[in-house]
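Chains as they are written, first to last, in this note's numbering: chain A, 6 to 618; chain B, -16 to 210.
See below for the structure under consideration.
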Amino acid sequence: MLKEKIDALLDRVQKPARYMGGEMNAVLKDPQQVDIRYAFAFPDVYEVGMSHLGSRILYDIINKRTDALCERVFMPWVDMADLMRQENVPLFSIETRSPVREFDMLGVTLQYEMSYTNILEILDLSGIPLHSEDRTWDDPIVIAGGPCAFNPEPLHKFIDAFSIGDGEISTLETIDVVKQCKAEGVSRRECLRRLSQLRGVYVPSLYEATYHEDGTLASFEPIEDGVPRTVVKNMIADIDKAEYPESVIVPFMEVVHDRINIEVLRGCTRGCRFCQAGMIYRPVRERSMERILELAEKLVAETGYEEMTLSSLSTGDYSCLPQLAHELMERFEDKRVALSLPSLRLDSDLKETLAETQKVRKSSLTYAMEAGTQRLRDVINKGITEEDLVSSVSDAFAGGWSSVKLYFMFGLPTETYEDLDGIADLANKVVRKYFETPKHIRAKGLRVNCSASCFVPKAFTPFQWEAQDTIEEFEQKQKHLCHIMHIKGVEFNWHEPQVSFLEAVFARGDRKVADALEAAWKLGCRFDGWTDQFKFDQWMKAFEQTGVDPAFYANRRREKDELLPWAFIDAGVTQQYLWRERERAVAAMVTPDCRKGCQGCGLKRFEGACEGR
Amino acid sequence: MRMLMQFKKDDIVRHLGLLDLQRTMQRALRRSGLPVAYSKGFNPHMVMAFASALSSGIPGDAELLDVSLCGEVTEEECLAAMNRVLPPALRASRIRLVDDRFPKTAASLAQAEYRITLTGGKAGEIAQAVPAFLDREEIMALRKTKKSETMVNIRPMIHELTAQYDAEQDRAIIEARVSFVEAATLKPDLLMSTLCDFAGGEAARQEIRRTRLLGLVNNQPVALIDM
């Protein structure tokens, strides 16, 4: 009956293919044959969620178990969500269209703060009580992981357990525990207690936070004996031995990243000081070339995809990239599989690789400069110079490229208007390089796409203590940028400071911001990452209603000795290291890549980390 | 050599649009290992075409894909290879290999057959109205194209129209065979809206499925794959 009801709804919504299922390589298992039914939710629409590599990995490892199944859940777009409420249709899984509430476990991936209202919407649409404390064994155990789990506190009320660090390990371990608890018939509370014993698992209901009068955190302690004081992140030491999907779902509809995606390395050692991913995913671990080639062969055969990408935080740092790119080209040219290399660092051994990619397709080149002047790039430890950029685009223009993307941030610590002027200066230099390239060599139609986003300080980065610029400061800087970025051939884009402001609140929020989040959702906020859905005024109303001052979280500089809400997590990098890096940042001192010498970030304390370095 | 593949587009994937279906077929062909021919030129692509684009929202029992091959294979091999790689909701039911000079299937298409299931509302009245509807010599309907809206007589485009009504289930099944050529294509929704107007009401739910694609041999309808 429910299945028919869902099916009838699909005739009434935009993009019904989002809810359709039945794709190539989707895994269909008999629920009667397994002990644990795991629903894996991505809190955004299908085409966004289906582009996320981590979800594909976990879907694969769960479904490889004979005692468990995993089905996908996405956030229905607003038209569908409203219809579902109107017609009393609960949120359902894609594979079998089963109600999410019937699953034993619900995993939610936390990729960006602005998806938090969608998580509440997912719980509510599923008929699962919003608060962890109100749930019973009639509800799934709700587990959340992903980068934002490194500051889990804003979601502490809504999530039963967080998985911190590499998800492959705790996904399987938590399934084991829940399976065992269900078999023994223990209480839900006992199940959560047992989950808290796993490495990398944080059960917020087993901890208590107290606050000083000024609102800062006074103490954070477990409320029961035997619950760990510190939650140590999970880390896979050898990703070459880790499971990786050899077959992936091929969506019918076009999704954001519609191609084969092979993770070539995890982690990054560059040490850019604004970058949370670069800190929390340490250490760097490479997949071997043999394994990558093997995966490539299998995935091409299993999917029929016409494009492949090598992904990581910094693919240009893969130690044998030119050789790998060359080998992939050679093997798949006949099969007409194009290779694209994203997030290519411009200081890498570009030329050789570029010559290879060119054989198949000319896409636009992306340079993440992040800041306009060398001084500010030294502050953020972005090891790219103007010379690197200019010589690289000059090669690219000579090689027939005419489209360049430049990424910047503004509102970085110590930034002045001189640094903003540097952005225009760099854009101008790129344009000049294009026109210096002889007409008969260069391709027509120069396009320099320049985008500037508002800096958001994140937990577990050397800038975690810093104040974010206020919305007014951002707007003034933006005005200035718009003025100076009137350059022929350059298109300038910027991000809304309001969104970045909220991101900053949740990126470093404590338990108190949970109420504001819930209030905002009740006021109709959802899909906050989508410009057409974002309701800033409702958010402000929510803060007012709950007495939460967002500026306290976004625009306040923290003292060195302030107890940070995420300090109970051992993310590998130590707070001492982060502070040291903060001091070097203020002094505009560069810290070299740790592949060239250990910087003592703290990872060496982890077994198997940084091996061979 | 060309491969004509008759396939089923199941209810669950009825919302697939032409582009989605095309991409899915291309990826399936790539996985199949069959010797698919590519066009020459700067941006080579597979040489393939659907006999007719089936609108998003409508399932089909016997759709037809026409693919150029560049190597020797048998019909059995093709059928096995395609069903190994197609998702369960898109199964190949028959394969016919034809010579390159064989007329394009899209050009041979003359008629299409639909089954329309009506449930609730005025389903019974609509089914009952069919004989009287067909008795009229002229049935005028407003046909909308991208460019214009014109009143046309759709009666000559209806070759067969039958209805069966199951009172217990309050369900009517309408079978329609209609023209499907460039100048005179009768879309099933236009047929149904005209019929509903005539009967004076609509069913609560209307499901359309395309059951056959037909060509004409000596003015007799023949399944397109058998032309």
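Where a beta carbon is used, it is the ideal one built from N, C-alpha and C, also for glycine.
Three or more beta-carbon pairs under 8 Å between the segment 554 to 561 of chain A and the segment 583 to 593 of chain A, yes or no? No, the segment 554 to 561 of chain A is not in contact with the segment 583 to 593 of chain A.
Using a Cβ-Cβ cut-off of 8 Å, state whether Thr177 (chain B) counts as contacting chain A. Judged by the 8 Å Cβ criterion, Thr177 (chain B) is not in contact with chain A.
Mind the definition here: the segment 74 to 84 of chain A touches the segment 20 to 28 of chain A only if three or more C-beta pairs lie below 8 Å; say whether that holds. Short answer: they touch.
If you check the beta carbons only, do Leu300 (chain A) and Ile254 (chain A) fall under 8 Å apart? Not closer than 8 Å, so no.
By alpha-carbon positions, which one of B:Ala186, B:His28 and B:Met210 ends up nearest to Leu199 (chain B)? It is B:Met210.
If Arg432 (chain A) and Leu417 (chain A) are in contact, beta carbons under 8 Å, what's the gap, nearest whole angstrom? What sits at residue 432 (chain A) in the sequence shown is Ala, not Arg. That pair is no contact at about 18 Å.
Check distances from the C-beta atoms of the segment 82 to 94 of chain A to those of chain B and list, in chain order, the residues that come in under 7 Å. Flagged: no residues at all.
Pull out every residue of the segment 295 to 310 of chain A whose Cβ sits closer than 8 Å to any Cβ of chain B, in chain order. The segment 295 to 310 of chain A vs chain B, Cβ under 8 Å: Ala306, Glu307, Thr308, Gly309 and Tyr310.
Identify every run of the alpha helix (DSSP H) within the segment 281 to 347 of chain A, keeping only runs that are complete inside it and at least 4 residues long; order them along the chain. Scanning the segment 281 to 347 of chain A for uninterrupted alpha helix (DSSP H) segments of 4 residues or longer gives 281 to 285, 294 to 308 and 326 to 337, listed from N- to C-terminal end.
Skipping 5 residues on each side, what residues in its chain have a beta carbon closer than 8 Å to that of Val578 (chain A)? The beta carbon of Val578 (chain A) is closer than 8 Å to those of Met284, Ile285, Arg287, Phe465, Cys606, Gly607 and Leu608 in its chain, skipping five residues each way along the sequence.
Output, in chain order, the set of chain B residues within a Cβ distance shorter than 7 Å of Leu15 (chain A). Correct list: His(-2).
DSSP on Arg23 (chain A), reduced to helix/strand/coil? Of the three classes helix, strand and coil, the one that applies to Arg23 (chain A) here is helix, per DSSP.
Output, in chain order, the set of chain A residues within a Cβ distance shorter than 7 Å of Asp3 (chain B). Correct list: Ala22, Phe257 and Met258.
Given a cut-off of 8 Å, decide if Gly43 (chain B) and Arg192 (chain B) are closer than it, judged by their beta-carbon atoms. Yes, these two residues count as a Cβ contact at 8 Å.
Show which residues of chain B have a CB atom less than 8 Å away from the CB atom of Gly27 (chain A). Going along chain B in sequence order, the residues near Gly27 (chain A) (Cβ under 8 Å) are Asp(-7), Ile(-5), Val(-4), Pro70, Pro71 and Ala72.
Quick check on Arg10 (chain B) - is its C-beta less than 8 Å from some C-beta in chain A? Flagged as an interface residue toward chain A: Arg10 (chain B), by a C-beta distance shorter than 8 Å.
Thr122 (chain A), enclosing beta strand (DSSP E) - first and last residue: Note, Thr122 (chain A): premise wrong, no beta strand (DSSP E); alpha helix (DSSP H) at Tyr121 to Ser131.
Output the distance between the C-alpha atoms of Asp83 (chain B) and Ser91 (chain B), rounded to the nearest integer angstrom. If you take the alpha carbons of Asp83 (chain B) and Ser91 (chain B), they lie about 15 Å apart.
For chain B, is any of its Cβ atoms less than 8 Å away from the one on Tyr64 (chain A)? No, no contact with chain B.
Out of A:Ala149, A:Arg106 and A:Arg292, point me to the one whose CA is closest to Arg140 (chain A)'s CA. Comparing C-alpha distances from Arg140 (chain A) to each of A:Ala149, A:Arg106 and A:Arg292 shows the shortest one belongs to A:Arg106.
Where Ala586 (chain A) falls: helix, strand or coil (DSSP): According to the sequence provided, residue 586 (chain A) is Glu. The question's Ala does not apply to it. Three-state result, Glu586 (chain A): helix.
So, under 8 Å CB-CB, His28 (chain B) and Ser22 (chain B) are touching, yes? Tell me the CB distance rounded to an integer number of Å. About 5 Å separates the two Cβ atoms, so the contact holds.
Is the number of C-beta pairs between the segment 477 to 491 of chain A and the segment 120 to 138 of chain A that are closer than 8 Å three or more? Contact between the segment 477 to 491 of chain A and the segment 120 to 138 of chain A is absent, because fewer than three Cβ pairs lie under 8 Å.
When you compare each of A:Cys325, A:Lys546, A:Phe573 and A:Leu583 to Ala223 (chain A) by their alpha carbons, which one comes out closest? Closest in alpha carbon position to Ala223 (chain A), among A:Cys325, A:Lys546, A:Phe573 and A:Leu583, is A:Phe573.
Using a Cβ-Cβ cut-off of 8 Å, state whether Thr133 (chain B) counts as contacting chain A. Not closer than 8 Å to any Cβ of chain A, the Cβ of Thr133 (chain B) fails to qualify, so no.
Inter-residue spacing [alpha-carbon to alpha-carbon] between Arg(-15) (chain B) and Glu60 (chain B): Rounded to the nearest angstrom, the two C-alpha atoms are 14 Å apart.
At what residues does the alpha helix (DSSP H) containing Gly427 (chain A) begin and finish? Counting along the chain, the alpha helix (DSSP H) containing Gly427 (chain A) begins and ends at Tyr422 to Glu441.
Anything in chain A within Cβ reach of Thr7 (chain B), meaning under 8 Å, just list it in chain order. Residues of chain A whose Cβ lies closer than 8 Å to the Cβ of Thr7 (chain B) are, in chain order, Met29, Val255 and Phe257.
Nearest-angstrom beta carbon gap, Cys153 (chain A) and Tyr117 (chain A) [assumed within contact, 8 Å]: That belief holds up - the Cβ atoms of Tyr117 (chain A) and Cys153 (chain A) are roughly 7 Å apart, short of 8 Å.
Could you have a look at Leu351 (chain A) and say whether DSSP puts it in helix, strand or coil? Residue placement at Leu351 (chain A) is poorly supported in this model, since its pLDDT is 43, which falls under 50; the coordinates still yield a value, given next. Three-state result, Leu351 (chain A): coil.
Using a Cβ-Cβ cut-off of less than 9 Å, give me the residues of the segment 29 to 60 of chain B that come near chain A, in sequence order. Cβ contacts with chain A come from Ser39 and Gly40.
Is there a C-beta anywhere in chain B that falls below 8 Å from the one on Gly205 (chain A)? Answer no: the Cβ-Cβ gap between Gly205 (chain A) and chain B never drops below 8 Å.
What separation, rounded to the nearest whole angstrom, lies between the Cα atoms of Glu549 (chain A) and Gly220 (chain A)? Across the structure, Glu549 (chain A) and Gly220 (chain A) are spaced so that their CA atoms are roughly 16 Å apart.
In angstroms, rounded to a whole number, what distance separates the CA positions of Leu351 (chain A) and Asp393 (chain A)? Legend: pLDDT at Leu351 (chain A) = 43, less than 50; position of this residue unreliable, value from coordinates given subsequently. Rounded to whole angstroms, Leu351 (chain A) to Asp393 (chain A) spans 7 Å at the Cα level.
Distance between beta carbons of Leu203 (chain A) and Thr179 (chain A), contact taken as under 8 Å: Right, the Cβ-Cβ distance comes to about 7 Å (below 8 Å), so this counts as a contact.
Taking a Cβ distance cut-off of 7 Å, strictly less, list which residues of the segment 94 to 119 of chain B are near chain A, in chain order. Residues of the segment 94 to 119 of chain B whose Cβ lies closer than 7 Å to any Cβ of chain A: none.
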